[in-house]
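Notes for the one structure printed next.
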């Protein structure tokens, strides 16, 4: 899976987050979480959130496109526009278009009709303000529109616990045979995805004409997740290449400790748990500090030994002459 456990562990699940991470096999991951389209609520009126992962190669072209998308996700107004585009590509399947009675429930329907006050299907049809044909289709186990099925079920006091759900293909135009399969696979999960539309988000960024990207400032920095620093980070990743290390390079999230992000060796991190209002350089770990000091001692020791050896092999007169 392109979603590394390391990346997932660095974000607060309930907070909108952005991650850029280099993966094995020369790949680059952009993870955008907590996308909240308008009027997307579940059956108990909770906001539905969308999480998206884009995986490209480490090529300059793919990296540039993913950096631009990441920058858009960090800027308030551009994130709103991005959310609208993503919302159109990720459609929810709410109620099915049709419901159909299971054959084994037909006797239950017959018994309920016999116990009711309706002397004919025509009377039942008039009571629910539907056609007699619709009522007949219901009783005979043929597909009936969702709302009509529910109305008949309620009027007969059936309280059916199940029915075959039928979804019609979405109105949006399918652009590839692949999406027919995607629709079929995802219908059971309550949503479907038009991947061709999502791909246009990336391909659109690739077509932009820009000046060559600058080399990155390799200093590791951490700061508060504020609009000001998100804007600064967005500007930097639009302009500069990412460091070459295979690590989570950019992490913007909610409540995560600085120590957690520092230990992950991130390049740029923003969190709501930062102790400062500004960027702070991420301090080296004690191990890295000891290693750096040890290397420095060895280097100085080597220079002293080399110079001493040189003096031993040359007399003072030769040296100063």
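Numbering (the numbering used here), first residue to last: 712 to 1032.
Cβ atoms here follow ideal geometry from the backbone N, Cα and C, with glycine treated the same way.
Quick caveat, the model's predicted, so the values are computed rather than measured.
Between which two residues does the alpha helix (DSSP H) harbouring residue i extend?
i           : result
residue 802 : Looking at the DSSP string, residue 802 is not in any alpha helix (DSSP H); the run it does join, the beta strand (DSSP E), is 801-803.
Could you please give the first and the last residue of the uninterrupted beta strand (DSSP E) stretch that includes residue i?
i           : result
residue 766 : 761-768
residue 905 : Neither: residue 905 is in no beta strand (DSSP E) and is coded neither H nor E.
residue 738 : 738-746
residue 730 : 728-734
residue 972 : Unbroken run through residue 972 is the alpha helix (DSSP H), 969-974; no beta strand (DSSP E).
residue 877 : 875-877
Quick check on residue i: buried or exposed, where buried means 16 or more other Cβ atoms within 10 Å of its Cβ?
i           : result
residue 911 : exposed
residue 735 : exposed
residue 725 : exposed
residue 932 : buried
residue 903 : buried
residue 752 : exposed
So, helix, strand or coil for residue i, using DSSP?
i           : result
residue 938 : helix
residue 831 : coil
residue 779 : helix
residue 814 : helix
residue 809 : strand
residue 857 : helix
residue 849 : helix
residue 943 : helix
residue 751 : coil
For residue i and residue j, what's the separation of their Cα atoms in angstroms?
i           : j           : result
residue 988 : residue 779 : 25 Å
residue 729 : residue 812 : 45 Å
residue 828 : residue 856 : 24 Å
residue 797 : residue 955 : 29 Å
residue 993 : residue 738 : 26 Å
residue 867 : residue 823 : 6 Å
residue 957 : residue 978 : 11 Å
residue 821 : residue 877 : 23 Å
residue 974 : residue 717 : 11 Å
residue 765 : residue 851 : 47 Å
residue 925 : residue 945 : 14 Å
residue 959 : residue 854 : 50 Å
residue 744 : residue 941 : 15 Å
residue 819 : residue 749 : 41 Å
Step through the CB atoms of chain C and report whether any lies within less than 8 Å of the CB of residue i.
i           : result
residue 834 : As a matter of chain content, chain C is missing from the structure shown, which is built from one protein chain.
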